[in-house]
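Position 42 (the sequence shown) corresponds to 184 in the working numbering; numbering is contiguous.
We put the beta carbon where it would ideally sit given N, CA and C, even for glycine.
Below you'll find the structure, written out as structure tokens, and then a few comments.
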Amino acid sequence: MTNEELILQKLEKLDRLEEQLAPIIQGHKARTELMADLSPLGRQAAHLVTRGLQEVETSFQADDVLDLLTMVARNTRNFSYALRQFESLLDFMKDMAPLMKSTVPKLVSYLDTLDQRGVFRVLKIWMVDFREKIAANYGPEESEEIIDGIVAFIGLAKTLSDPKAVEFLTRAAALPGMVDLDNAPKVGPAGLAMASFSDEMKEGLGVVVELTKALGKLKETEGE
143 MTNEELILQK LEKLDRLEEQ LAPIIQGHKA RTELMADLSP LGRQAAHLVT
193 RGLQEVETSF QADDVLDLLT MVARNTRNFS YALRQFESLL DFMKDMAPLM
243 KSTVPKLVSY LDTLDQRGVF RVLKIWMVDF REKIAANYGP EESEEIIDGI
293 VAFIGLAKTL SDPKAVEFLT RAAALPGMVD LDNAPKVGPA GLAMASFSDE
343 MKEGLGVVVE LTKALGKLKE TEGE
């Protein structure tokens, strides 16, 4: 083999080697370009991390992490208990969900009915407006006296709720309609004596006697 043939053979090997190395060279070039592109981002990220660590350096110590791990280890049972209770709460909420789906709409409907009837408006008048007007027109001591009087009146209303009291007041309220004052005659002692023989007069005197007895009990209660 001549020298020229050897040279050609060597050149062919170099060409094949160059072809084989071309992908590797191109990949290395691409990685180099990528690193060049990422390098500014890396420096910026490192700067942000460094600044963040500097900010938390004063309030973060390795001992704090050790103390936290120690507390977690000591309270493992408490964590387990809390998780079990939370699980029980979730189960309770799952069980209550069907009931709430049927109850909440009924409750909303009921509250809407109360609102349409003016119940909340009345409550607002008594709970807010009434108190505001008392505070605006009276001093603290007078306001207390007014509230005490309202409480006493409520107690009186409770007493009047007795069936006998209700019946008595109902009948007493009907009396003015039964009296004809325009046609009432003049009656002297003799006329009063004559009228006392009538059944109506006797019944009226009986009522007066019963009322007089009741009035006497008022004095006894006051003496006690």
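* Out of Asp254, Leu231, Ile292 and Leu334, which has the shortest C-alpha to C-alpha gap to Trp268? -> Residue mapping note: residue 268 aligns to position 126 of the sequence shown, counting from 1. For Trp268, the closest C-alpha among the options Asp254, Leu231, Ile292 and Leu334 is that of Ile292.
* To do: Just list the alpha helix (DSSP H) runs in the region 261-336, keeping only unbroken ones of 4 residues or longer that don't cross its boundaries, in chain order.
  => Listed in chain order, they are 261-266, 272-279, 282-302 and 305-320.
* Residue range of the unbroken alpha helix (DSSP H) whose run includes Gly244 -> Counted from its first residue, the sequence shown places residue 244 at position 102. The question names Gly, but residue 244 in the sequence shown is Ser. Judged by DSSP secondary structure, Ser244 falls within the alpha helix (DSSP H) whose first and last residues are Thr218 to Gln258.
* Under the three-state DSSP convention, the category Ser340 falls into -> Reading the sequence shown from its first residue, position 198 is the one you call residue 340. Correct three-state label for Ser340: coil.
* To do: Look at the Cβ atom of Leu302, then the Cβ atom of Leu311, and state whether they are nearer than 8 Å.
  => Position 160 of the sequence shown, counting from 1, holds the residue named residue 302. Position 169 of the sequence shown, counting from 1, holds the residue named residue 311. Contact: yes.
* Asked: Does DSSP classify Thr174 as helix, strand or coil?
  -> Taking the sequence shown and counting its residues from 1, the one referred to as residue 174 is at position 32. DSSP places Thr174 in helix when its eight states are reduced to three.
* Hey, Val386 and Ala337 are a contact pair by Cβ (cut 8 Å); roughly how many whole angstroms apart? -> Nothing about residue 386 can be reported from this structure: the residues present for the chain run from 143 to 366 only.
* Classify Thr144 as helix, strand or coil using the three-state DSSP reduction. => Working through the sequence shown from its first residue, we reach residue 144 at position 2. Coil at Thr144, not helix or strand.
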